[in-house]
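The next block holds one structure in the form of structure tokens; read it before the comments.
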Amino acid sequence: MPTRDRSQSSVESLALLWAARESGVIDALTTSAGTAEAVADTAGIDPRAARITVEALAAMGFIKRVGDEYEITNRALGFLAKRDVRSIGRLPHALDRFSLYADLPETMASGEPPAFPDDWLRNRLGAHDATEESVVRACVTAAVRAAPDATRVLDLGGASGVFAREFVARGRDVTLVDDAETVEVVRPLLSRAGVDLVAGDPTDPPVSGFELVFAGDAFAGRDPDDSRALVAGAFDALEPGGAAVFVDSLHGRCSTDATAGRAVNALAAGRGDLHDEETVRSWVESAGFDGCTVRDVPGTDLQAVVGERAVD
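Each residue of the sequence shown is one higher than the one before, counting from 4 in this note's numbering.
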């Protein structure tokens, strides 16, 4: 059974782990080095820095002493296991984002997206798959309430498929559309889970005829034009009488912490924006939906934007 690390880390912990990864300490420990001295030699860093880092990693549970040397623990598997996104957890993606945060002044000055860290996609999918189960259930419940009789569901830009699997568990026939690289990564997991996978642009889905279209983290990392296209694509994928549900944190309605998170991620990635309720409503209405409602998703800091396609 894959090990899922759903834990949250402090800024100090992230800084230490990021430095350990970027300096080669993690690579040294996961390959051949079993002592602080060996880590210093292998990574080419100061012996004092190696000793402090190794002792801190042991205290944090990423390595443990076995005899005279250190060995990695299951908590460190996210740094090694990239094939199955369920084994990655949240931490590697948190470190990727920390790396982007460190470059924020340069990215803000240039206005250009930065170079993303290695394994960005797989780490992002691992973090997505580790979404709290209560959040997944709440979001899917909000979607099902918008179209309680829907049996055919499209998960648009579904990433790891964590929401798609919940829809399947509730007896729905689910198709997930995302870009080809994402689909290739998650196919082994989702095919076994009974999710149909289609590679394509979520803003122009190559499938249609669904009674419910769901988009989780709908507008995160999307500029206004891309977000508007996603809403229009959802409309086109619906059968008349169907509903589309876009879940995200809406600026001005979500908490200050959620707004700050959306803002710093958009700035660090060089793409995305803060989208408020009025703006999102305008996208839904201009796409042709007959009415738009916005509801808070209980137990979360998210909103569900529901658009209904009229019966022809």
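For each residue, glycine too, the CB sits at the ideal point set by N, CA and C.
Residues sharing a beta bridge with residue i, DSSP
| i | result |
| --- | --- |
| Lys67 | Glu74 |
| Leu215 | Val156 and Ala246 |
| Val180 | Leu159 and Val201 |
| His254 | Asp279 |
| Asp299 | Gln306 |
Residue interval of the beta strand (DSSP E) (run including residue i)
| i | result |
| --- | --- |
| Gly264 | Run containing Gly264: none in the beta strand (DSSP E); it sits in the alpha helix (DSSP H), Thr259 to Ala272. |
| Gly291 | Here Gly291 belongs to no beta strand (DSSP E), and DSSP marks it neither H nor E. |
| Leu308 | As written in the sequence, residue 308 is Val, which differs from the Leu given in the question. Taken as a continuous stretch (DSSP letters only), the beta strand (DSSP E) holding Val308 covers Gln306 to Glu311. |
Rounded Cβ spacing between residue i and residue j (contact assumed at less than 8 Å)
| i | j | result |
| --- | --- | --- |
| Ala167 | Val248 | That pair is no contact at about 14 Å. |
| Ala241 | Pro205 | The residue asked about is misnamed: residue 241 is Leu in this sequence, not Ala. Their Cβ separation, rounded to whole angstroms, is 14 Å, which puts Leu241 and Pro205 out of contact at 8 Å. |
| Ile55 | Phe65 | The pair is not a contact, with the Cβ atoms about 14 Å apart (cut-off 8 Å). |
| Arg148 | Glu214 | No, Arg148 and Glu214 are not in contact; Cβ-Cβ is about 14 Å, not under 8 Å. |
| Glu280 | Leu305 | Not confirmed; about 13 Å, so no contact. |
| Pro243 | Val188 | No, Pro243 and Val188 are not in contact; Cβ-Cβ is about 34 Å, not under 8 Å. |
| Val88 | Leu192 | 7 Å |
| Thr33 | Leu94 | At roughly 14 Å, the Cβ-Cβ gap does not stay under 8 Å, so Thr33 and Leu94 are not in contact. |
| Ala62 | Tyr73 | With 8 Å as the limit, Ala62 and Tyr73 do not qualify as a contact, their Cβ atoms being about 12 Å apart. |
| Val250 | Cys142 | 5 Å |
| Ala290 | Ala235 | 4 Å |
| Arg127 | His96 | 5 Å |
| Val171 | Ala196 | 6 Å |
| Gly92 | Gly129 | 6 Å |
Start-to-end residues for the alpha helix (DSSP H) that takes in residue i
| i | result |
| --- | --- |
| Ala112 | Leu107 to Ser113 |
| Phe82 | Careful: Phe82 lies outside any alpha helix (DSSP H) and carries neither H nor E. |
| Val234 | Pro227 to Ala240 |
| Thr45 | Ala39 to Ala46 |
| Thr144 | Glu136 to Ala149 |
| Val14 | Val14 to Ser26 |
| Gly224 | No alpha helix (DSSP H) contains Gly224, which DSSP labels as neither H nor E. |
| Asp132 | Trp123 to Asp132 |
| Gly59 | For the record, residue 59 in the displayed sequence is Ala; it is not Gly. Ala59 -> alpha helix (DSSP H) spans Pro50 to Ala62. |
| Ala118 | Element bounds for Ala118: n/a, residue is neither H nor E. |
| Ala172 | Val165 to Ala172 |
Own chain, CB closer than 7 Å to residue i, minus 5 neighbours either side, in chain order
| i | result |
| --- | --- |
| Pro120 | Asp99 and Ser102 |
| Ala237 | Leu159, Val216, Ala218 and Ala247 |
| Glu266 | First, the residue type needs correcting, since residue 266 is Ala and not Glu in the sequence shown. So the list reads Leu277, once near-sequence residues are dropped. |
| Ser211 | Asp239 and Ala240 |
| Pro117 | Leu103, Asp106, Thr110 and Gly273 |
| Thr6 | Low confidence applies here, because Thr6 scores a pLDDT of 43, under 50, leaving its location unreliable; read the following figure in that light. Asn77, Leu80 and Ser90. |
| Ala59 | Leu19 |
| His131 | Ala162, Ser163 and Val165 |
| Glu115 | Gly273 |
| Pro301 | Ala141 |
| Arg225 | Leu233 and Gly275 |
Neighbourhood of residue i by C-beta, 8 Å cutoff - its chain only, sequence neighbours within 5 removed
| i | result |
| --- | --- |
| Gly27 | Thr45, Ala46, Gly47 and Ile48 |
| Glu25 | Ser102 |
| Gly245 | Ala150, Ala153, Phe213, Glu214, Leu215, Val216, Glu311 and Arg312 |
| Gly294 | Gly310 and Glu311 |
| Ser194 | Leu200 |
| Val139 | Val165, Phe166 and Glu169 |
Same chain, Cβ closer than 6 Å to residue i, neighbours up to 5 away in sequence not counted
| i | result |
| --- | --- |
| Ala31 | Val42, Thr45 and Ala46 |
| Asp199 | Thr178 |
| Asp207 | Gly236 |
| Cys257 | Asp304 |
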